[in-house]
Amino acid sequence: METKEKLDDMIRGGQFIVKETKAEEVFTPEDFSDEQKMMRDSVKEFVDREIWPKKEEFEKKNYDLTEEVMRKAGELGFLGVAVPEEYGGLGMDFVSTMLVCDYISGATGSIATAFGAHTGIGTLPITLYGTEEQKQKYIPKLATGEWFGAYCLTEPGAGSDANSGKTRAVLSEDGSHYKITGQKMWISNAGFCDIFIVFARIEDDKNITGFIVEKDLENGISMGDEEKKLGIHSSSTRQVFFNETKVPAENLLGERNGGFKIAMNALNVGRIKLAAACLDAQRRVIGSAVSYANDRVQFDTPISKFGAIRSKLAEMAMSTYAGEAACYRASKNIEDRINLRMESGSSHQEAELKGVEEFAIECSILKVAVSEDIQKCTDEGIQIYGGMGFSADAPMESAWRDARISRIYEGTNEINRMLSVGMLVKKAMKGHVDLLGPAKAVSDELTGIPSFETPDYSALLSEEKAMLKKLKKVFLMVAGSAAQKYGEELDQHQQLLLASADILIETYMAESAILRAEKNANRFGEESQNVQIAMAKLRLYKAVDKINEKAKEAIISFAEGDEQKMMLMGLKRYTKYENFPNIVELRNTIADKIVEDNKYAV
87 METKEKLDDM IRGGQFIVKE TKAEEVFTPE DFSDEQKMMR DSVKEFVDRE
137 IWPKKEEFEK KNYDLTEEVM RKAGELGFLG VAVPEEYGGL GMDFVSTMLV
187 CDYISGATGS IATAFGAHTG IGTLPITLYG TEEQKQKYIP KLATGEWFGA
237 YCLTEPGAGS DANSGKTRAV LSEDGSHYKI TGQKMWISNA GFCDIFIVFA
287 RIEDDKNITG FIVEKDLENG ISMGDEEKKL GIHSSSTRQV FFNETKVPAE
337 NLLGERNGGF KIAMNALNVG RIKLAAACLD AQRRVIGSAV SYANDRVQFD
387 TPISKFGAIR SKLAEMAMST YAGEAACYRA SKNIEDRINL RMESGSSHQE
437 AELKGVEEFA IECSILKVAV SEDIQKCTDE GIQIYGGMGF SADAPMESAW
487 RDARISRIYE GTNEINRMLS VGMLVKKAMK GHVDLLGPAK AVSDELTGIP
537 SFETPDYSAL LSEEKAMLKK LKKVFLMVAG SAAQKYGEEL DQHQQLLLAS
587 ADILIETYMA ESAILRAEKN ANRFGEESQN VQIAMAKLRL YKAVDKINEK
637 AKEAIISFAE GDEQKMMLMG LKRYTKYENF PNIVELRNTI ADKIVEDNKY
687 AV
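Under the working numbering, the first residue of the sequence shown carries the number 87, and numbering increases by one thereafter.
Dropping the structure here:
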């Protein structure tokens, strides 16, 4: 009973937009245990030894090198961090699995993609949906890198609309096997994998079904050539063709008609892990950029002393800081929910499924925010290098190309933006998140008389936290009014959904940065955290700016007359600082630290 009460009291996914989160309630990178720090350092050492020095080889489409590095990662246990111990894995907690994904992915997108495809969508569906026999047969081999996995969902005519795939599975007359026929594309790890997770439709079923298919080229399986790609050059990506491929009936994964659910839940995990996979890439880009800026002398001065360069370094660091804060905040929320479900008697499978599903909104938010941050970070890295940045002999060019795929796979950022708002509305309809009450309160506030009292903002970050409360009101005002106006047809107004999603995303990322800085200032002392505080304040300022833009765009597009005037006045009130931060000063505080350390270190 006590555990059920804890579950009921615990923050739910998406609830951050209507509920104040206290700094002491969030998990931050500064909370890593000694064991987690040791795992992080082990992964960093592996990457610095086996991957970073071979960056040039990865750009030469050396698929054998990718396979070799993946096998070494398996031997060290890195491929099995999320796998329960009874199946040959390390059985680590969710935060630790995020940590490994974070630090193993930063040196090259080729390994980041191979690792993510194998450990996530290649292995996880069997861990979470497989029968005991399937798990005993396949997971130990996948956990150690003896075998590798791939995931076959996308088809030429079925990308974002994943459930529309044409691949067919026909059950044999004796019921012993299925024959799968169809074409899959953009299959990561296809060249060296041993099993595929394949989605196909049985007869005229409404939904697709998942299957575990062993790669036997004499069993009706053939592959296209390696794709020529903008980035992730040594990630094996090929088309896979199935021509009456025989699959034992016992290799059906989960339930018939249940493949779409498997695909979506696997992608939820994939999304938050993809966000983590962008973090160390940002750290390494900043490290390379500031090192170059410190060494590059123009007009008798290192360019790291010029304001134009310092501004870039500061904002690159700020986005990395916020990404770390948000990723580890959400991953601990997921971990806590998993642990409580297991305490209440759920199996590991069910607990992890429900834990991640609960925070699917945050998974989509993080996927969008951090994938766009790494793209901007690498773009600024090129700019800091100047002409050299455009050269393939410098590290920025490949980093920029590798970053570009992050906004596409695991669901495009456009899809994830619309999903984040759509899932929040569905949660509200189920009564899991109370949007109606807070939205009505905001509506009443807009028609009421505003307070003219001067608030006391003497406490650290008190004005920033007050601003976050107001930003949440902006979301409730815009999304609430749009939902009221369009009802069930809201999903047909994609541009309004996208604007609402940006407000939601900016609020979560800024709040995560503020809470991290506040928690660390409270425990380590304000003076020692001046750089973190500066990054948090700068991130909030950027969020206010973007939210103002997106909310105005939405309001003037769906509201008219007095309603429009009232909402625009509300927007002005909710995005107004009493005391503006000194942006140049904040950037200089951050840049001083980055330039002095010659790397990103907070």
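Even for Gly, the Cβ is constructed at its ideal location relative to N, Cα and C. All figures in this text were calculated on a predicted structure; none of them were measured in a lab.
Identity of the residue in Arg98, Thr107 and Thr217 nearest lysine 551 by Cα: Thr107
At what residue ranges does the segment 570–655 contain a whole run of the alpha helix (DSSP H), taking only runs of 4 or more? 580–610 and 616–644
List the residues that DSSP assigns as beta-bridge partners of phenylalanine 118. DSSP lists no partner for phenylalanine 118.
State the Cα-Cα distance for the pair leucine 303 and glycine 231, rounded to the nearest angstrom. Going from the Cα of leucine 303 to the Cα of glycine 231 covers about 20 Å.
When you compare the segment 222–240 with the segment 199–209, are there three or more beta-carbon pairs, one atom per stretch, that lie closer than 8 Å? yes
Three or more C-beta pairs under 8 Å: does that hold for the segment 396–415 against the segment 665–678? yes
Rounded to the nearest angstrom, what separates glycine 261 and phenylalanine 297 at their Cα positions? Cα to Cα, glycine 261 sits roughly 15 Å from phenylalanine 297.
Am I right that glycine 306 and asparagine 329 are in contact with their C-beta atoms under 8 Å? What's the rounded C-beta distance? 4 Å
Beta carbon of glycine 175, beta carbon of valine 167: below 8 Å? yes
For lysine 685, which of Asp120, Tyr414, Leu185 and Gly467 has the nearest alpha-carbon? Gly467
Distance CB(methionine 563)-CB(methionine 482) smaller than 8 Å: no
Using three-state DSSP, classify glycine 251 as helix, strand or coil. coil
Please report the distance separating the alpha-carbon of isoleucine 589 from that of isoleucine 424. 28 Å
Am I right that leucine 151 and glutamate 143 are in contact with their C-beta atoms under 8 Å? What's the rounded C-beta distance? 5 Å
Tell me which residues share the same chain as aspartate 683 and place their Cβ nearer than 7 Å to its Cβ, disregarding the 5 neighbours each side in the sequence. none
Whose C-alpha, out of Cys279, Gln222 and Met621, is nearest the C-alpha of alanine 403? Nearest of Cys279, Gln222 and Met621 to alanine 403, Cα basis: Met621.
Which residues does DSSP pair with glutamate 300 in a beta bridge? Looking at the DSSP assignment, glutamate 300 forms a beta bridge with Ile281.
Beta carbon of alanine 607, beta carbon of isoleucine 470: below 8 Å? No, Cβ-Cβ distance for alanine 607 and isoleucine 470 is not below 8 Å.
Leaving out the 5 sequence neighbours to the left and right, which residues in its chain are closer than 7 Å to alanine 229 when beta-carbon positions are compared? Taken in chain order, the residues that qualify are Leu165, Gly166, Val169, Tyr173, Gly174 and Gly175.
Helix, strand or coil at tyrosine 237 [DSSP, three-state]: Reduced to three states, the DSSP call for tyrosine 237 is strand.
Output the distance between the C-alpha atoms of valine 454 and isoleucine 591, rounded to the nearest integer angstrom. 8 Å
Pick from Arg382, Asn668 and Ala416 that is closest to arginine 357, judged by C-alpha positions: Ala416
Just to check my reading of the structure: lysine 221 and threonine 213 have Cβ atoms closer than 8 Å, yes? What is that Cβ distance to the nearest angstrom? 7 Å
Could you tell me whether the Cβ atoms of leucine 339 and threonine 406 are closer together than 8 Å? no
For isoleucine 460, collect the residues of the same chain with a Cβ closer than 7 Å to its Cβ; drop the 5 residues on either side in sequence, then sort them by chain order. Cys364, Ala367, Gln368, Ala489 and Ser492
contact_flag[the segment 521–539, the segment 562–579] where n(CB pairs < 8 Å) is 3 or more: yes
Going by the C-beta, is leucine 590 closer than 7 Å to any heavy atom of the ligand PLP? Judged by which ligands are present, the structure shown has none, so any question about the ligand PLP falls away.
So what does DSSP say about valine 256, is it helix, strand or coil? strand
How is the beta strand (DSSP E) around threonine 230 delimited, first residue to last? Threonine 230 -> not in any beta strand (DSSP E); alpha helix (DSSP H) instead, spanning 218–230.
In terms of residue numbering, what span does the beta strand (DSSP E) encompassing methionine 271 cover? 263–274
Between tryptophan 486 and aspartate 465, which are expected to be in contact by the criterion C-beta below 8 Å, what is the C-beta distance as a whole number of angstroms? 6 Å
Where do the ends of the beta strand (DSSP E) carrying lysine 513 lie? Premise fails: lysine 513 lies in the alpha helix (DSSP H), 499–516, not in any beta strand (DSSP E).
Under 8 Å between C-beta atoms of serine 322 and alanine 276: Yes, Cβ-Cβ distance for serine 322 and alanine 276 is below 8 Å.
Could you spell out where the beta strand (DSSP E) holding threonine 323 opens and where it closes? 323–334
Please check the pair isoleucine 420 and valine 456, which I expect to be a contact at CB under 8 Å, by giving their CB distance rounded to whole angstroms. The Cβ separation is near 16 Å, so there is no contact.
Could you check what DSSP says for arginine 287 in three-state terms: helix, strand or coil? strand
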